[in-house]
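Colleague:
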Amino acid sequence: MKNPKIGLMLRYYRKLRNMSVSDVAESLAENDINVAVKTIYGWENGTTQPDADTLLFLCKIYGIENILGTFGYKTPDTEPIILTTAEKRLIKKYRSMPELQSAINKLLDI
Numbered sequence: 324m325k326n327p328k329i330g331l332m333l334r335y336y337r338k339l340r341n342m343s344v345s346d347v348a349e350s351l352a353e354n355d356i357n358v359a360v361k362t363i364y365g366w367e368n369g370t371t372q373p374d375a376d377t378l379l380f381l382c383k384i385y386g387i388e389n390i391l392g393t394f395g396y397k398t399p400d401t402e403p404i405i406l407t408t409a410e411k412r413l414i415k416k417y418r419s420m421p422e423l424q425s426a427i428n429k430l431l432d433i
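Numbering (my numbering), first residue to last: 324 to 433.
1) When you compare the CB positions of Val347 and Arg334, do they come within less than 8 Å of one another, or not?
2) Below 7 Å CB to CB, which residues in the same chain sit around Tyr364 once its five sequence neighbours on both sides are set aside?
3) Would you tell me roughly how many angstroms separate the C-alpha atoms of Trp366 and Glu422, rounded to the nearest one?
4) Threshold first: 4 residues or longer. Then list the alpha helix (DSSP H) segments lying entirely within the region 359-399, N to C.
5) Whose CA, out of Pro327, Asp432, Phe380 and Leu431, lies closest to the CA of Gln372?
6) Do Ile414 and Phe380 count as a contact pair if the criterion is CB distance below 8 Å?
7) Would you kindly report the start and end of the unbroken alpha helix (DSSP H) that includes Leu419?
8) Just the C-alpha distance for Asn354 and Val360, rounded to the nearest angstrom, thanks.
Okay, here's the thing in structure tokens:
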């Protein structure tokens, strides 16, 4: 099943990096991934999608670190956090004492 967000995000990040489709093709070719410019346009238009290895390399070229999140997949960071009553009290107390926050952060190594 195709993910329509892949093409949209590939185009967005290519343009964000001020790269032409030819630049991308050249970068891929330098790493033994030979694709035509037309193929890259096909990826960006959602007609086709790159294989997993090529997608990972495109992410490297474009500086995409959160790959799953960028392409619309849930990541542990996007999961809802359900707090207990005790955890809510801790957060409220922490926020009410800004003078102690740096010491607490240091204690918790955050």
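We put the CB at the ideal spot given by N, CA and C, even for glycine.
Modeller: Looking at the coordinates:
1) Residue mapping note: residue 347 aligns to position 24 of the sequence shown, counting from 1. Residue mapping note: residue 334 aligns to position 11 of the sequence shown, counting from 1. For Val347 and Arg334, no; Cβs fall outside 8 Å.
2) Your numbering for residue 364 matches position 41 in the sequence shown. For Tyr364, where only same-chain residues beyond five positions count, the Cβ hits under 7 Å are Val344.
3) By one-based count along the sequence shown, residue 366 stands at place 43. By one-based count along the sequence shown, residue 422 stands at place 99. Distance between the alpha carbons of Trp366 and Glu422: 52 Å.
4) 360-368, 375-385 and 390-393
5) Against the sequence shown, residue 372 aligns to sequence position 49. By alpha-carbon distance to Gln372, the top candidate from Pro327, Asp432, Phe380 and Leu431 is Pro327.
6) Counting from 1 along the sequence shown, the entry for residue 380 is found at position 57. Counting from 1 along the sequence shown, the entry for residue 414 is found at position 91. Contact: no.
7) Position 96 of the sequence shown, counted from the start, is the residue given in the question as residue 419. According to the sequence shown, residue 419 is Ser rather than Leu. Taken as a continuous stretch (DSSP letters only), the alpha helix (DSSP H) holding Ser419 covers Thr408 to Ser419.
8) To locate residue 354, count along the sequence shown from 1; it is residue 31. To locate residue 360, count along the sequence shown from 1; it is residue 37. Going by the C-alpha atoms only, they are around 16 Å apart.
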